[in-house]
Amino acid sequence: MQTQKFIVDAMLGKLARWLRILGYDTLYDSSYEDWKIIKTAEEQKRIIITRDRGLCNRAKKKGLECFMVNPDYDIANTLAQLARKYKIDLHVNVDATRCSECNGILLKVGDNKWQCSRCKKVYWKGRHWRTIEEILIKAQSRVESNEGSSDNRGTKPRGREKVSKDSQTSDNVKAEVNRQV
Ligand SMILES: [Zn+2]
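So in the UniProt record's numbering, the last spot in the sequence shown is 181, and the numbers never skip.
As structure tokens, then:
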């Protein structure tokens, strides 16, 4: 069940798209201002995801849940961290997935075809699906291999080299996903 809801700060649009693909109700707009993010998170009980430490501190003072994204921002790593912290499910349920463009609910309109109930964009499970699954498998393996480590504190540069190598690969993949999803 994808019950957790998120609001994602500007600059993290790709992460927002991934959360929507995974079926999580995720608000994102590159024009969101800090006050708006905090107000919306408070009213709609959404978890804030940001790279802005100041925003995160203000949110926490109000008792809101906030997740700081590592500046390296590798999708598979970030998804693995979110899975550990908020128990998000890293498997795609095609019938629960949301529109990656607008967060709308997808309706099944054919054998292998879904349409966004809001922006009417049509989706199908094509070749790009493998790319999505590969990233998720990578993320799942990191959830297992990093079990129990204290991530998301920004204090441990451990594994930095590996991360930058990986983010290069995943940038290509992300471009691919953006083009096709
Ligand atoms: Zn849509």
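All residues carry an ideal CB built from backbone N, CA and C; glycine is no exception.
Count the other C-beta atoms from every protein chain shown that fall within 10 angstroms of the C-beta of residue i, then say buried if there are 16 or more, exposed otherwise.
{"i": "I47", "result": "buried"}
{"i": "S150", "result": "In this prediction, S150 scores a pLDDT of 48, lower than 50, which makes its location untrustworthy; the coordinate-derived value is nonetheless stated afterwards. Exposed, by the Cβ-count rule."}
{"i": "K138", "result": "buried"}
{"i": "T14", "result": "Rather than Thr, the amino acid found at residue 14 in this sequence is Lys. K14 should be labelled buried."}
{"i": "T3", "result": "exposed"}
{"i": "D95", "result": "exposed"}
Return the residue from the list the options that minimises the CA-CA distance to residue i.
{"i": "K121", "options": "K113, R127 and I37", "result": "K113"}
{"i": "K45", "options": "D52, E65 and W35", "result": "E65"}
{"i": "Q115", "options": "R127, E101 and H128", "result": "E101"}
{"i": "A76", "options": "A10, L19 and R98", "result": "L19"}
List the DSSP bridge partners of residue i.
{"i": "V8", "result": "Y28 and I49"}
{"i": "Y123", "result": "W114"}
{"i": "C66", "result": "I48"}
Would you report the Cα separation of residue i and residue j, rounded to the nearest angstrom?
{"i": "E43", "j": "K5", "result": "12 Å"}
{"i": "R142", "j": "I135", "result": "11 Å"}
{"i": "N93", "j": "K39", "result": "30 Å"}
{"i": "I105", "j": "Y24", "result": "10 Å"}
{"i": "C119", "j": "K108", "result": "14 Å"}
{"i": "V69", "j": "I7", "result": "13 Å"}
{"i": "R160", "j": "Q81", "result": "At R160 the pLDDT is 43, less than 50, meaning the model places this residue with poor confidence; the figure from the coordinates comes in the next sentence. C-alpha separation (whole angstroms): 15 Å."}
Please give me, in chain order, every unbroken run of the alpha helix (DSSP H) with length at least 4 that falls completely inside the stretch 70-114.
75-86
Notebook entry, point to check: Closer than 6 Å from C-beta to any heavy atom of ligand 2: which residues, in chain order?
Noted result: Ligands displayed in this structure: ligand 1; ligand 2 is not among them.
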